[in-house]
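Numbering (this note's numbering), first residue to last: 98 to 248.
Heads up, the beta-carbon is just placed ideally off N, CA and C, and yes, glycines get one too.
Data first, discussion second: the structure below is written as structure tokens.
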Ligand code: FES
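Rendered as structure tokens:
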């Protein structure tokens with residue numbers, strides 16, 4: 098079946114793999130601070146926060162254990178600590194601590210490449226190992242976004 102025949106709604110359209118391998122504006126750089134915030138992009142819930150060094154992190158907003166939203170996690174240094182059972186995640190998505198357990202599972206949250214360009218934070222929604230850095234480095238953005246009210 099061809100794509101055209103499968104497309105009946107916007108949701109069908111954004112499920113196409115070709116839509117994921119692009120940079121998208123996730124928000125303005127001021128929107129993201131050290132406290133985790135959730136956004137849904139292309140039907141994926143993503144948690145954003147900044148490390149103590151100010152680097153922007155974007156990762157799946159679901160704990161690997163019981164899917165608790167990590168946008169409600171505690172920030173501990175650069176890590177996020179799930180408030181449900183306390184699994185701790187590093188900014189690269191790796192599990193760094195599981196309470197009451199010596200063995201750390203070799204599991205990882207999906208982490209999205211991000212790049213701040215001018216006033217915008219861009220996110221790569223496709224394969225995290227293959228972001229097209231050339232596309233984002235050539236992008237022209239205004240110094241400050243124009244608001245709908247003209248401000
Ligand atoms: S749901 Fe996150 S640690 Fe259990």
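>> So for residue 142, helix, strand or coil by DSSP?
In response: strand
> Ordered along the chain, which non-local residues of its own chain (more than five positions away) have a Cβ less than 7 Å from that of residue 213?
Replying inline: 126 and 153
>> Against chain D, with Cβ distances strictly below 8 Å, would residue 195 count as a contact?
In response: Chain labels in this structure do not include chain D; a single protein chain is all it has.
> Do you know offhand how far residue 169's Cα is from residue 146's?
Replying inline: 11 Å
>> Quick check on the DSSP output: the alpha helix (DSSP H) that includes residue 233 runs from which residue to which?
In response: 230-234
> Can you list the beta strand (DSSP E) stretches of 3 or more residues lying completely in the segment 130-179, in chain order?
Replying inline: 134-138, 141-147, 153-157, 171-173 and 176-178
> When DSSP builds the beta bridges, which residues end up paired with residue 220?
Replying inline: 121 and 211
>> Between the alpha carbons of residue 174 and residue 185, how many angstroms are there, rounded?
In response: 11 Å
>> Looking at residue 208: is its Cβ nearer than 8 Å to the Cβ of residue 190?
In response: yes
>> Going by DSSP in three states, residue 126 sits in which element: helix, strand or coil?
In response: helix
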